[in-house]
Amino acid sequence: MLITDDFLPVPVPESLSATYLVPTAGLPAVSARSAVRGLAGRLAEPVHGLARQMLDSPLMSVDVLPIGEFPELPPDLLTAFGAGAAQLDRLAAASHLVVVQAEYRPGWPPAHEWAARAVAAAVAETMDSDVVDVFGLQFLDPGAALRSLPNAQGRVRLVDWVLVPYSSGADGLWFTTKGLRRFGLLELQTQGVPDHLTRAWGAVMTGAARRLLRDWTDGLAGDEVPAFVQLPVLATVTGHDIAVAYGNPEQHGATPPVLLRLELDPATDPEADSFLSLRPPAGHPGPAGRYFAAACATLFSGIQPDVRYARPGDAMSRAIATARAGLGDIRARFRGGHLLPETQLVIKYGLPGDDGPEYVWAGVTSWDSPEQIVGVSASDANTDPAVRIGSPVVVEATEVVDWAVLDATGVTEGGWTQAVLDAGTPPTP
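Counting in my numbering, the sequence shown runs from 0 upward without gaps.
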């Protein structure tokens with residue numbers, strides 16, 4: 000194996016395993032084989048055939064165990080990963096578990112995961128029960144589990160297989176992935192992410208996971224499983240990577256790529272996991288959080304971070320009036336936690352300048368008073384050297400000319416002034 004400064008050798012495990020559970024009250028009244036046969040015509044090939052073949056091979060086992068014979072699943076972690084009260088109640092009331100386990104070599108397709116999830120979902124659907132993904136410590140509705148499997152074109156949404164949890168640290172947020180080990184790849188992590196990038200950086204991590212997983216499986220494409228796969232030290236992430244990971248390839252924009260440096264962080268504790276860390280490229284000046292903010296501004300370019308105009312025309316005046324009329328409602332929804340998950344509220348406001356106002360965007364972090372908004376700048380201002388990407392800002396509501404809600408694919412709501420500019424009708428000077 001050739002080792003260079005451009006590539007990072009990542010070890011490949013000898014085999015991979017998947018474990019799924021189906022809690023039941025009493026012994027199951029259906030066999031796994033008959034449940035899988037019932038999916039004929041509903042589950043795309045090759046997954047349906049793959050599940051049937053693995054059921055008949057030593058690569059898969061399906062056992063029914065009294066629930067006390069299986070290690071207890073921690074309710075607090077299940078809750079942290081989305082378990083509802085009804086699902087936890089059904090698990091607590093269960094007397095038995097159907098345990099579906101499969102093994103396979105690293106590479107694509109991940110037959111162990113696809114087949115085991117298909118079999119468990121088939122049994123759970125027949126028994127009107129749940130699927131528990133032991134790797135992800137996550138409850139899955141049987142229908143959702145089946146929909147997460149490849150469609151007729153062989154496509155899957157990576158967000159159905161890889162989670163991106165985060166926690167607060169001394170220098171900002173700590174993001175990790177949970178799911179890449181299903182495919183043999185080390186999990187990713189990023190440290191020092193600014194708080195206002197919670198949703199945006201989760202999407203960037205998912206896009207980075209998609210790109211690196213593609214490089215990883217390309218490196219495993221031969222007949223023999225190699226001891227290492229060489230991943231590029233400078234990984235690229237684009238809006239297309241994010242859109243495909245979320246299952247919306249037709250919604251991606253032509254964003255420039257963002258570079259992230261890949262470093263191996265081996266665990267010092269033998270019981271702990273090693274990580275692949277995502278960092279700014281070598282030589283980047285300033286804190287890492289500033290680079291991460293700039294990367295998000297590049298990738299989510301549905302809103303331009305810095306727009307100038309001197310005197311609004313009719314179309315722009317109407318856009319500003321529309322945005323201001325909705326400030327009360329969007330504030331109530333923001334404070335009430337009623338915005339959709341994985342979205343970010345941003346505002347556009349004016350900074351005074353010699354040539355007229357400079358309009359910049361900021362991510363909203365709190366909005367306790369109707370008159371004042373606290374946020375973090377999404378761009379570097381030309382007119383005010385104190386306003387830099389990632390710097391805290393306090394904005395008077397009277398200065399706001401627009402607001403928008405962003406998700407991984409761009410603007411989902413608002414952005415009226417940007418729509419005027421994008422339509423090619425800039426205000427008359």
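Idealized CB from N, CA, C, for every residue including glycine.
How about Thr442 and Leu172: are their beta carbons less than 8 Å apart?
In the structure displayed, the chain extends from 0 to 428; residue 442 sits before or after that span and is not available.
Would a C-beta distance cut-off of 8 Å place Arg51 and Val29 closer than the cut-off?
Taking the sequence shown and counting its residues from 1, the one referred to as residue 51 is at position 52. Taking the sequence shown and counting its residues from 1, the one referred to as residue 29 is at position 30. Result no, Cβ atoms of Arg51 and Val29 do not sit closer than 8 Å.
When you compare each of Leu54, Gly201, Asp194, Pro193 to Thr176 by their alpha carbons, which one comes out closest?
Locating residue 176 in the sequence shown gives position 177, where the first residue counts as 1. By alpha-carbon distance to Thr176, the top candidate from Leu54, Gly201, Asp194, Pro193 is Gly201.
Is it buried or exposed for Ser167, if we count other Cβ within 10 angstroms and need 16 for buried?
Position 168 of the sequence shown, counted from the first residue, corresponds to residue 167. Classification of Ser167: exposed, given that the 10 Å Cβ count is below 16.
Return yes when at least one heavy atom of the ligand FMN lies under 7 Å from the C-beta of Val192, else no.
This structure does not include the ligand FMN; it has no bound ligands of any sort.
Taking all protein chains shown into account, decide if Tyr19 is buried (16 or more other Cβ within 10 angstroms of its Cβ) or exposed.
Sequence index remark: in the sequence shown, residue 19 carries index 20 (1-based). Only buried fits Tyr19, as 16 or more other CB atoms lie within 10 angstroms of its CB.
Pull the bridge partners of Met59 from the DSSP assignment, please.
Working through the sequence shown from its first residue, we reach residue 59 at position 60. Paired residue(s): Ala101.
Measuring CB to CB, does Leu64 end up less than 8 Å from Val99?
Within the sequence shown, residue 64 is the residue found at index 65, counting from 1. Within the sequence shown, residue 99 is the residue found at index 100, counting from 1. Leu64 is not a Cβ neighbour of Val99, given a cutoff of 8 Å.
So the beta strand (DSSP E) Pro291 belongs to, where does it begin and stop?
The sequence position of residue 291 within the sequence shown is 292, counting from 1. For the sequence presented, residue 291 should be read as Phe rather than Pro. Note, Phe291: premise wrong, no beta strand (DSSP E); alpha helix (DSSP H) at 287 to 298.
Using the Cα positions of Ser14 and Asp55, report the straight-line distance between them to the nearest angstrom.
Taking the sequence shown and counting its residues from 1, the one referred to as residue 14 is at position 15. Taking the sequence shown and counting its residues from 1, the one referred to as residue 55 is at position 56. When rounded, the distance between both Cα atoms is 19 Å.
Rounded to whole angstroms, what is the Cα-Cα separation between Val11 and Gln229?
The sequence position of residue 11 within the sequence shown is 12, counting from 1. The sequence position of residue 229 within the sequence shown is 230, counting from 1. Rounded to whole angstroms, Val11 to Gln229 spans 10 Å at the Cα level.
Going residue by residue through the region 237 to 272, where are the continuous alpha helix (DSSP H) segments of at least 4 residues, counting only ones entirely within it?
Here the runs fully enclosed are 238 to 244.
According to DSSP, is Gly178 helix, strand or coil?
Residue numbering aside, residue 178 sits at position 179 when the sequence shown is read from its first letter. It is coil, neither helix nor strand.
Within 8 Å, strictly: CB atoms of Val61 and Val118:
As a working note, residue 61 is residue 62 in the sequence shown. As a working note, residue 118 is residue 119 in the sequence shown. A contact, by the Cβ cut-off of 8 Å.
Cβ shell of Ser147 (< 6 Å), same chain only, five flanking positions each side left out
On the sequence shown, residue 147 is found 148 positions in, with the first residue counted as 1. Non-local C-beta neighbours of Ser147 in its own chain, meaning closer than 6 Å and more than five positions away in sequence, comprise Asp159, ordered along the chain.
Using 8 Å as the threshold, is the C-beta distance between Ile372 and Val394 below it?
Locating residue 372 in the sequence shown gives position 373, counting from the first residue. Locating residue 394 in the sequence shown gives position 395, counting from the first residue. Contact check for Ile372 against Val394 passes: the beta carbons are separated by less than 8 Å.
Give the DSSP-derived three-state secondary structure of Arg41 in the structure shown.
Looking up residue 41 in the sequence shown gives position 42. The answer is coil: DSSP assigns Arg41 none of H, G, I, E or B.
Can you tell me whether DSSP reads Pro10 as helix, strand or coil?
For the purposes of this step, residue 10 is taken as the residue at position 11 of the sequence shown. It is a strand residue.
Please list the segments of the alpha helix (DSSP H) lying wholly inside the region 302 to 381, counting only runs of 4 or more residues, in order along the chain.
Counting only runs that start and end inside the region 302 to 381, the alpha helix (DSSP H) elements of at least 4 residues fall at 313 to 324, 326 to 334.
Between the alpha carbons of Asp214 and Gly40, how many angstroms are there, rounded?
By 1-based counting over the sequence shown, the position of residue 214 is 215. By 1-based counting over the sequence shown, the position of residue 40 is 41. A straight-line Cα-Cα distance of about 33 Å links Asp214 and Gly40.
Quick check on Gln152: does DSSP put it in helix, strand or coil?
As a working mapping, residue 152 is identified with position 153 in the sequence shown. In the three-state scheme derived from DSSP, where H, G and I count as helix and E and B as strand, Gln152 is classed as coil.
Using a Cβ-Cβ cut-off of 7 Å (strictly less than) and excluding sequence neighbours within five positions of Arg210, which residues of its own chain qualify?
Working through the sequence shown from its first residue, we reach residue 210 at position 211. Here Arg210 has Ala234, Thr235, Val236, Asp240 as same chain residues with Cβ atoms under 7 Å from its own Cβ, once five neighbours each way along the sequence are excluded.
Expressed to the nearest angstrom, what Euclidean distance is found between the alpha-carbon atoms of Gln188 and Ala207?
The count along the sequence shown starts at 1 and reaches residue 188 at position 189. The count along the sequence shown starts at 1 and reaches residue 207 at position 208. Distance between the alpha carbons of Gln188 and Ala207 is about 11 Å.
Taking DSSP's pairing of strands, which residues face Pro65 in a bridge?
Taking the sequence shown and counting its residues from 1, one reaches residue 65 at position 66. DSSP output for Pro65 lists His95 as bridge partner(s).
Outcome for Thr267 when other beta-carbon atoms lying within 10 angstroms are tallied against a minimum of 16
The count along the sequence shown starts at 1 and reaches residue 267 at position 268. Answer is exposed; the Cβ neighbour count stays below 16.
Euclidean distance between Cα positions of Gly37 and Thr125:
As a working note, residue 37 is residue 38 in the sequence shown. As a working note, residue 125 is residue 126 in the sequence shown. For Gly37 and Thr125, the gap between their C-alpha atoms comes out near 9 Å.
Taking just the CA atoms, how far does Ala101 sit from Ala281?
Taking the first residue of the sequence shown as position 1, residue 281 is located at position 282. Taking the first residue of the sequence shown as position 1, residue 101 is located at position 102. Taking the straight line joining both Cα atoms gives about 41 Å.
For Gly374 and His195, believed in contact at Cβ under 8 Å, the rounded distance:
Residue 195 sits at position 196 when you count from the first residue of the sequence shown. Residue 374 sits at position 375 when you count from the first residue of the sequence shown. About 7 Å; that satisfies the 8 Å criterion.
Could you tell me which residues DSSP pairs with Thr23 in its beta bridges?
Start at 1 with the first residue of the sequence shown, and residue 23 comes out as number 24. Answer by DSSP bridge pairing, in chain order: His95.
Please work out which residues of its chain come closer than 6 Å, Cβ to Cβ, to Leu326, disregarding the five sequence neighbours upstream and downstream, and give them in chain order.
Translated into the one-based positions of the sequence shown, residue 326 becomes position 327. Cβ-Cβ distances below 6 Å link Leu326 to nothing in the same chain once the five nearest sequence neighbours on each side are left out.
What does the alpha-carbon distance come out to for the pair Val392 and Gly48?
For the purposes of this step, residue 392 is identified with residue 393 of the sequence shown, where counting begins at 1. For the purposes of this step, residue 48 is identified with residue 49 of the sequence shown, where counting begins at 1. The straight-line gap separating the alpha-carbon atoms of Val392 and Gly48 is approximately 57 Å.
Considering only their Cβ atoms, is the gap separating Val345 from Ala293 smaller than 8 Å?
Reading the sequence shown from its first residue, position 294 is the one you call residue 293. Reading the sequence shown from its first residue, position 346 is the one you call residue 345. No, they are not a contact pair.
For Pro109, which of Ala377, Arg180, Pro73 has the nearest alpha-carbon?
In the sequence shown, counting from the first residue as 1, residue 109 sits at position 110. When each option's Cα is compared against that of Pro109, the closest is Arg180.
Nearest-angstrom Cα distance between Trp113 and Pro255?
Counting from 1 along the sequence shown, the entry for residue 113 is found at position 114. Counting from 1 along the sequence shown, the entry for residue 255 is found at position 256. The alpha-carbon separation between Trp113 and Pro255 amounts to approximately 33 Å.
So Ala403 is in the alpha helix (DSSP H); what residue range does that whole segment cover?
Reading the sequence shown from its first residue, position 404 is the one you call residue 403. Per DSSP, Ala403 belongs to no alpha helix (DSSP H); it is in the beta strand (DSSP E), 399 to 406.
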